[in-house]
Amino acid sequence: MKKPVIALIALIIAAGGSTGAFLAVKNKNDRESQKQQEMLDDNVIFSLDSASINKITFNFPDGKYVAELADDTWSLTESASGNFVLNQSKLQLITTYISSLTANANYEEITDDKKKMYGLDDPYTLTASDGNNDYTIYIGDISPTGDYFYAMAEGKSNIYGISYDSAVSLMADKLSIASPKITSYGDFTIYGIKLEKDGDIVYDLRKDENSIWHLPDEYSMLTLDGSRIEAIVTNLTRMEAQEILSIDPDKKSDYGLDKPDSVLTLTGKDGSEEKILFSSENTDSADYVNVYIENYGFTEKYYSADTIFRNYSLYDLISDVIEGASMYSVNGFEFDCEYASDEFTVDNSTGIVTCRGYQADLNDAEILSFFKTFYNLLAYINISDVDTDAEPELKDPAFTAVYHLTSGEDRKIQLVPTEKDEKLCYIFVDEEYIGTVADISFLDNGNASVIPAYQKFCEHAGIDANMK
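Here it is in structure tokens:
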């Protein structure tokens, strides 16, 4: 009986030993798995909702730049070198990558030697904030294989390897966060536009509280074409640089901007100003012009065609037609020039035009067509030039037209020949010089002019033309 008992005891002892060995191995594996899981967990550097990030702080060599999100737009709220428009796509890319940042490799605990070895003793630094917490990443050198960058994170004790794409997306400089737009103002925040050439002001425009554009008081005689001004504003707020050439203000002379061809000053609704310098077109290519944004020291390249406003004169901005009156707003009109003179009454309710006892029925489509042609040539006079320095006397007009409005008022247009050229005439409206000049050839210069159209209307309406 002793031998079986001894054998059983031996088996029990052996089984106990095997179980102990198994448990020891299992515990070791569990510890290794736990360590691996902890490392994997530690490799998740940041995990948050990208939409919650509303502030990003950059530490560039020239100082700190802070971008904040408001109304779905990133704007600079702190800048070491003046305000500029931000590249919204770049800021969005940063929020996307930092909110879900996981390391590809873990180099364990941070030491001074490791920081120096991996370029983390003087790293690129970026901080994103959600209003409650800050998330700061430090990025050092690229790995020898070029697959990842070495990095550290605030609140983490290890050094990591983050993917090349993640690092490049997070890394930025002043150049990359700047928008290629020429101005930070929008369509509704530009309230002043001034263009200067050779030290002289070409035009100086101001918008009032009713969104009406005006020239300075000395040019109040001119009528601005508001649609042309708004076209300039729209163009400015949408212009984008084809290339940012330099962010060093001292380099502007390298691009011909120490002696600019023209200077544009924009004034914001809040009274702030942005000054933009343009080079001559003969730089590398006539298709481009170099531009210096003075407020933040950027030199950029734009299409010349997009900057046509810098070649405008006052003449290009004013209404290029003087209107006597709309045909449907008069009950009569008269004109006098060297070729003819006549007087008409118009009954818009019946469509009857009366002239020296003759009557023309505008209900006749053919007669109406000839009358419209004649009237519009008479009532709309093209401006050919601007001369705000002249002080002409209203004397011996070469042309006079008076429009009797249905409102009971009259509007008078008169043309007085200039001393230099009798074909060029100063324009007077209601006996006031308006600073513009017209070519009087519009009266008799082929079929598409006033007198031939007058004669044709009279002929088809059965009226004897009152020629001189």
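Numbering-wise, numbering that gives the first Met the number 0 puts 225 at position 226 of the sequence shown, and it's gapless, one number per residue.
Yeah, the Cβ is synthetic: ideal placement off N, Cα and C, and Gly gets one too.
For the pair of segments examined, the segment 328 to 335 was found not to touch the segment 209 to 223: the number of CB pairs separated by less than 8 Å stays below three. Apart from the 5 residues on each side of it in sequence, VAL345 sits with its Cβ closer than 7 Å to the Cβ of VAL329, ASN330, GLY331, VAL352 in its chain, given in chain order. In this structure, VAL449 places its C-beta atom within 7 Å of the C-beta atom of LEU377. By the Cβ criterion, the segment 189 to 209 is not in contact with the segment 367 to 383, since fewer than three pairs of Cβ atoms, one from each stretch, lie closer than 8 Å. Non-local C-beta neighbours of VAL385 in its own chain, meaning closer than 8 Å and more than five positions away in sequence, comprise LEU221, SER312, LEU313, TYR314, ILE317, GLY434, THR435, VAL436, ordered along the chain. With respect to the 7 Å criterion, THR306 and LYS251 are not classified as neighbours on the basis of their beta carbons.
Segment contact: the segment 186 to 193 against the segment 229 to 242, three or more CB-CB distances shorter than 8 Å; contact assigned. Distance from the CA of TYR432 to the CA of PRO391, rounded to the nearest whole angstrom, comes to 7 Å.
A check of alpha carbon separations from SER99 across LYS113, SER175, ILE439, ALA166 identifies ALA166 as the nearest. With distances taken between CA atoms, SER80 lies nearest to TYR295 out of TYR295, VAL232, PRO60, THR95. For PHE456, the enclosing alpha helix (DSSP H) stretches over residues 449 to 460. Beta-bridge pairing by DSSP links GLN413 to THR399, PHE427.
Scanning its chain for C-beta atoms nearer than 6 Å, with the 5 sequence neighbours on each side dropped, one finds around ASN58 the residues THR124, in chain order.
By the criterion of a C-beta distance shorter than 6 Å, ILE231 is surrounded in its chain by PHE308, once the five residues flanking it on both sides are discounted. Ranked by how close their Cα comes to the Cα of SER303, the residues VAL288, GLY154, ILE426 have VAL288 in first place. With three or more CB-CB distances shorter than 8 Å, the segment 85 to 99 counts as touching the segment 152 to 171. Residues VAL401, ASP429 of the same chain have their beta carbon placed closer than 6 Å to that of LYS411, with the five preceding and five following residues left out of the count. By the Cβ test, the segment 115 to 132 is in contact with the segment 47 to 58, since at least three Cβ pairs between them sit closer than 8 Å. Counted as a single uninterrupted DSSP element, the alpha helix (DSSP H) harbouring GLY225 occupies residues 225 to 237. Per DSSP, LEU68 lies in no alpha helix (DSSP H); the unbroken beta strand (DSSP E) holding it starts and ends at 62 to 69. VAL84 sits in coil when the DSSP states are folded into three classes, being neither helix nor strand. Going by DSSP, ALA359 is part of no alpha helix (DSSP H) but of the beta strand (DSSP E) stretching over 357 to 360. Closest in alpha carbon position to VAL43, among CYS457, ASN157, ASP129, LEU414, is ASN157.
Here ASN86 is buried: its Cβ has 16 or more other Cβ atoms, across all protein chains shown, within 10 Å.
DSSP, reduced to helix, strand and coil, places ASP121 outside both helices and strands of the structure shown, so it counts as coil. Inter-residue distance for TYR163 and PHE83 is about 28 Å (C-alpha atoms, whole angstroms). Under a 10 Å Cβ-count criterion, SER406 is classified as exposed, with fewer than 16 other Cβ atoms of the shown protein chains found around its own Cβ. Cβ contact annotation for TYR190 (same chain, cutoff 6 Å, sequence separation greater than five): LYS206, THR266, LYS268, in chain order. Here TYR218 is near THR387, since their CB atoms are less than 7 Å apart.
Between LEU256 and SER279, the C-beta gap is not smaller than 7 Å, which leaves the two residues out of contact. Per DSSP, SER168 is one residue of the alpha helix (DSSP H) stretching across 163 to 169.
Residue pairing from DSSP leaves LEU367 without any beta-bridge partner.
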